[in-house]
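Under the working numbering, think of the first position of the sequence shown as 1, with each following residue one higher.
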Amino acid sequence: MTKARPNKRKDNRNKVTLSKLTFHELDWLEYITMGLGFWFLFYPRPYDILFTALLCMPILGLILNGITGRPSIASLVEISKDDNGRDKYDVADFIDFAAWIILLRVLLDYEFESFNSMIIPGTIAFALMLVILFSTHKVIDNTTKSKTWIYLSLIFNVFLYSYAGTYGVNCVYDESEPQVYETEVVDKRISKGRRGRKTYYVKVNPWGNHYDKEKISVASSQYDEIQIGQTIKIDLKKGLFNIPWYYIE
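Take a look at the structure:
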């Protein structure tokens with residue numbers, strides 16, 4: 001009498017923990033995220049709608065990816081080999097691409113007074129995202145890859161998204177009445193990035209509780225209109241989450 005031999009191939013398939021699992025079913029969400037991201041980065045109109053749509057992508061992706069029965073967190077990270085044969089960890093684009101685009105856009109569009117004012121709201125948002133992440137996905141069990149790198153790459157992007165998203169919501173949905181300050185423009189310049197992208201700055205005299213001269217980023221149209229020696233108005237707003245921010249009228 002011969003004993004039935006286990007199907008090793010089937011057993012190995014069951015032990016795969018770093019495949020895309022359910023993630024491959026969400027390629028369409030990645031494409032939507034990337035499309036919205038490029039649109040929002042290069043032509044942010046209509047601003048509020050694009051921001052809101054992009055903000056929803058990571059949360060929607062986590063819920064949809066986990067709806068089939070809490071897959072492993074590893075299903076959110078695709079691992080491949082680089083040219084040197086080393087493992088390369090790629091977090092799902094509906095998380096990391098959305099996070100980076102939101103971060104770039106809000107840094108370009110809004111000036112905040114103090115980073116400290118963002119710590120509490122940002123940390124709360126980060127904690128809520130971790131709750132969503134671990135309630136929809138299981139911790140990594142068996143793997144031949146580095147659990148540390150999988151967790152770090154994913155949680156770093158969730159952290160980035162949480163803080164950038166919090167700052168964006170604070171400014172985009174802020175309906176507070178601004179305090180208006182007047183100051184003088186003392187200089188202006190254009191900064192060019194590595195890929196030729198231009199950022200426009202004007203330098204202004206001290207105003208409000210800003211006791212030093214500072215440079216403020218502006219749109220290209222504003223840059224052309226504002227002249228050195230001109231008196232301009234700066235609007236300081238409270239922020240939806242009490243994170244003060246300001247802009248040049």
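Even for Gly, the Cβ is constructed at its ideal location relative to N, Cα and C.
Could you tell me the distance, in whole angstroms, from the CA atom of residue i to the CA atom of residue j?
i: E30; j: T52; result: 16 Å
i: H210; j: V139; result: 46 Å
i: K233; j: I226; result: 11 Å
i: P274; j: H137; result: Outside the displayed span of the chain (1 to 249) sits residue 274, for which this structure offers no information.
i: T22; j: G69; result: The predicted position of T22 is uncertain, since its pLDDT is 48 and thus under 50; a value taken from the coordinates is nonetheless stated next. Their backbone Cα atoms lie some 10 Å apart in a straight line.
i: Q179; j: M57; result: 34 Å
i: F38; j: I101; result: 8 Å
i: I59; j: A127; result: 13 Å
i: D82; j: A125; result: 33 Å
i: D212; j: E111; result: 15 Å
i: I119; j: K238; result: 16 Å
i: E25; j: E249; result: 46 Å
i: K147; j: L133; result: 16 Å
i: I216; j: R105; result: 15 Å
i: E78; j: I228; result: 51 Å
i: T231; j: E177; result: 21 Å
i: F40; j: M129; result: 23 Å
i: L55; j: E184; result: 36 Å
i: A74; j: L103; result: 25 Å
Among the candidates the options, whose CA atom is the shortest distance from the CA of residue i?
i: F159; options: T123, I73, G196; result: T123
i: L108; options: V180, N65, F42; result: F42
i: S135; options: V172, I63, I32; result: I63
i: L240; options: K147, W28, G168, L55; result: G168
i: I32; options: F97, R86, L76, D82; result: F97
i: I190; options: D224, G37, T183; result: D224
i: I243; options: A164, G193, I79; result: A164
i: G208; options: G196, Y247, K198; result: Y247
i: K88; options: G35, G193, L133, K145; result: K145
i: V91; options: G85, N84, A99; result: A99
Should residue i be labelled buried (16 or more other beta-carbon atoms within 10 Å of its own) or exposed?
i: W245; result: buried
i: Y161; result: buried
i: P46; result: exposed
i: D93; result: buried
i: L236; result: buried
i: G61; result: buried
i: G66; result: buried
i: V186; result: exposed
Using a beta-carbon distance below 7 Å, is residue i in contact with chain B?
i: I67; result: You won't find chain B in this structure, because it holds only one protein chain.
- Task: Give, in chain order, every unbroken run of the beta strand (DSSP E) that is at least 3 residues long and sits entirely within the segment 111-198.
- Result: Restricting attention to beta strand (DSSP E) runs no shorter than 3 residues, the segment 111-198 encloses them at 179-192, ordered along the chain.
- Can at least three beta-carbon pairs, one atom from the segment 108-118 and one from the segment 173-181, be found at a separation below 8 Å? Not touching, per the Cβ criterion.
- Task: Let me know the beta strand (DSSP E) ranges lying completely inside the segment 77-101, each 3 residues or longer, listed in chain order.
- Result: Residue ranges of uninterrupted beta strand (DSSP E) with 3 or more members, entirely inside the segment 77-101 and ordered along the chain, are 77-81, 87-91.
- Query: Are the segment 141-157 and the segment 198-210 in contact at 8 Å, needing three or more beta carbon pairs?
  - Reply: No, because fewer than three Cβ pairs between the segment 141-157 and the segment 198-210 fall closer than 8 Å, the two stretches do not touch.
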